[in-house]
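Engineer: The following block contains the structure, expressed as structure tokens.
Written as structure tokens, this is what we have:
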């Protein structure tokens with residue numbers, strides 16, 4: 001059975017609008033792809049406030065993974081909004097749709113055998129749970145960047161908090177829109193308490209544990 005419909009992965013499709021659309025199974029099994037890649041596939045979903053370090057950690061891990069010969073890719077929230085989600089705003093409905101699209105892309109990349117590192121604020125628990133269902137049990141791992149708002153706002157690498165405080169940016173997570181912390185993340189990291197390299201090492205150890213064949 002092909003990787004895209006492997007019952008052991010338990011991946012769920014988020015929906016279709018026509019009964020004439022049928023999922024096409026491939027001819028390559030999940031085990032074959034894992035042997036080729038030398039790893040198990042997995043989606044490591046970094047969530048947290050803007051400025052918490054999601055992208056920095058994801059890219060640091062990607063660099064280490066590629067350097068050790070392990071296929072990996074970062075899906076960055078800002079980058080997706082330049083293309084795939086360029087038509088979406090920041091209302092709760094648009095945020096949910098953005099996360100749904102991201103999860104579908106991440107699931108396909110996992111089907112291809114990659115280690116996928118996603119960097120999305122993804123503020124709502126329901127959206128992260130939908131992403132977990134789309135990607136499938138055993139290959140979705142929630143990594144919470146547990147960094148206080150005060151620290152994220154002090155960093156403010158893109159001057160977004162400053163603009164949100166003046167009302168220039170509406171619906172900004174942590175200021176004028178909510179963030180719902182994961183009650184039970186698979187891994188929690190606080191980049192305010194340790195050096196970046198140590199945080200990357202901690203995440204790398206977790207990734208290695210979950211993706212060893």
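Residue numbers (the working numbering): 1 to 213. Think of the CB as a built atom: it goes at the ideal place given N, C-alpha and C, for glycine as much as any other residue.
Can you give the Cα-Cα distance for residue 28 and residue 37, rounded to whole angstroms?
Structural biologist: 13 Å
Engineer: Determine the DSSP secondary structure at residue 58, reduced to helix, strand or coil.
Structural biologist: helix
Engineer: Out of curiosity, what's the CA-to-CA distance linking residue 94 and residue 101?
Structural biologist: 11 Å
Engineer: Does the region 51-59 come within contact of the region 150-163, defined as at least 3 CB pairs closer than 8 Å?
Structural biologist: yes
Engineer: Going by DSSP, what residues sit across from residue 214 in a beta bridge?
Structural biologist: One cannot answer for residue 214 here, as it falls past the ends of the chain, which runs 1 to 213.
Engineer: Could you check if residue 183 is buried or exposed, using at least 16 other CB atoms within 10 Å of its CB as the buried criterion?
Structural biologist: exposed
Engineer: By DSSP's criteria, residue 188 is part of a beta bridge. Which residues make up the other side?
Structural biologist: 144
Engineer: Alpha helix (DSSP H) containing residue 31: first to last residue?
Structural biologist: 30-37
Engineer: Helix or strand or just coil, what does DSSP make of residue 7?
Structural biologist: With a pLDDT of only 36 at residue 7, under 50, the local geometry of the prediction cannot be trusted, and no value is derived from it.
Engineer: Using the Cα positions of residue 18 and residue 211, report the straight-line distance between them to the nearest angstrom.
Structural biologist: 35 Å
Engineer: By how many angstroms is the C-alpha of residue 20 removed from the C-alpha of residue 91?
Structural biologist: 32 Å
Engineer: Count the other C-beta atoms from every protein chain shown that fall within 10 angstroms of the C-beta of residue 87, then say buried if there are 16 or more, exposed otherwise.
Structural biologist: exposed
Engineer: Measure the CB-CB distance between residue 132 and residue 47 and report whether it falls below 8 Å.
Structural biologist: no
Engineer: Can you pull the DSSP bridge partners for residue 166?
Structural biologist: Bridge partners of residue 166: none, in fact.
Engineer: For residue 116, which residues does DSSP report across the bridge?
Structural biologist: 43 and 73
Engineer: Just how far apart, CA to CA, sit residue 179 and residue 164?
Structural biologist: 15 Å
Engineer: Note the first and the last residue of the continuous alpha helix (DSSP H) segment covering residue 153.
Structural biologist: 149-155
Engineer: Could you tell me whether any Cβ in chain B is nearer than 8 Å to the Cβ of residue 162?
Structural biologist: Of the protein chains in this structure there is only one, and it is not chain B.
Engineer: Residue 30 to residue 188, Cα distance in whole Å?
Structural biologist: Whole-angstrom Cα-Cα distance: 29 Å.
Engineer: Quick one: measure Cβ to Cβ for residue 120 and residue 99, integer angstroms, because I've assumed they're closer than 8 Å.
Structural biologist: 6 Å
Engineer: Rank 122, 96 and 130 by C-alpha distance to the C-alpha of residue 173 and give the top, closest one.
Structural biologist: Nearest option by C-alpha distance: 122.
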